[in-house]
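If you count the sequence shown from 1, position 68 lands on 843 in the working numbering, and the numbers rise without skipping. Notes to accompany the following structure.
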Amino acid sequence: MMPDRYGTRIFLVIYLAFAAVTLACFFVLWGHEASTASFRVSLLAVLAAETALWQYANYMNRNLERVKRSVPAYLALGTVLAAYFALTIVYSLFTALAKFVQPYYLLLHLITLAAVIVVGALLLLFTRSTEKHERAARTHVSGLREIEFSLRQLQGQVAIMNGAGKQHLVKAIDEFIESVQYSDPVTPDSIAGQDLMLLEELRNLNEIAASMNRVGGQDHELGPIFDQIQQLRQKWKLRNERLLALKS
């Protein structure tokens, strides 16, 4: 999905308006404290929180499809940023008094910022891990679909062949396709690697069948293809048994 550029401009205008209001409030309410470290820290903390919320809103706007796949995590991240913004506002109310306990006031801001960074980083790691798992799952599903597609291609090649044992071969391919359709698509990388090797064997078998069909006008020797299909079915059966053992 294309990002909403109009929404991005709206968020920028809102951010600039909030930043201008923040600056105005600080200099109106605590302008006489402008030379103190507590004033600068309070102002920078509020502006940083506003900037973080603005960047968060922009990211959500630009990556709606990704956000939809991990709504709880991104919602939690937004809650953390909103909470940090609220805390900086609360802390800023004590800017005038903070000069009397300045080291502790600065420490409070640092602890709050560190907590937000840690929690935010953990949430981002969680979302990245979830997205990686989903991408791997989609890749594995795609691998199964390619195996099924190759089997259906072979099924089409066999349909135009002539030769003894054709019915048995067609039945074996049908059963193989059904087994692939009902197999678990969420597989470890080791199993996915086996799937890729099996897919390569199926593609080679398709090439053999296609070359046999190019020689028309005679019965085809279907025995080697049937034997190969049976071997691949046995490998698929062992693959599913191993996958079941890994997940049990």
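All C-beta atoms in this analysis are idealised placements derived from N, C-alpha and C, irrespective of residue type, glycine included.
Taking C-beta separations shorter than 8 Å and ignoring five residues to either side along the sequence, the partners of Ser954 in its chain run Arg1008, Trp1011, Lys1012 and Asn1015, following chain order. Minimum Cα-Cα distance from Arg927 among the listed residues Ala1020, Tyr866 and Ile1004 corresponds to Ile1004. The alpha carbon of Leu819 has as its nearest neighbour, out of Thr870, Ala890 and Ala896, the alpha carbon of Thr870. Annotation: Ala889 to Phe814 spans about 20 Å, alpha carbon to alpha carbon.
Closest by C-alpha distance to Tyr957, out of Leu919, Ala794, Arg780 and Ala985, is Leu919.
If you draw a straight line from the Cα of Leu872 to the Cα of Leu862, it comes to about 16 Å.
DSSP places Asp949 within a helical segment (H, G or I) once states are collapsed to three. Residue burial annotation: Met987 is buried, with at least 16 other C-beta atoms found within 10 angstroms of its C-beta. Annotation: Gly940 is outside any alpha helix (DSSP H) and is labelled neither H nor E by DSSP.
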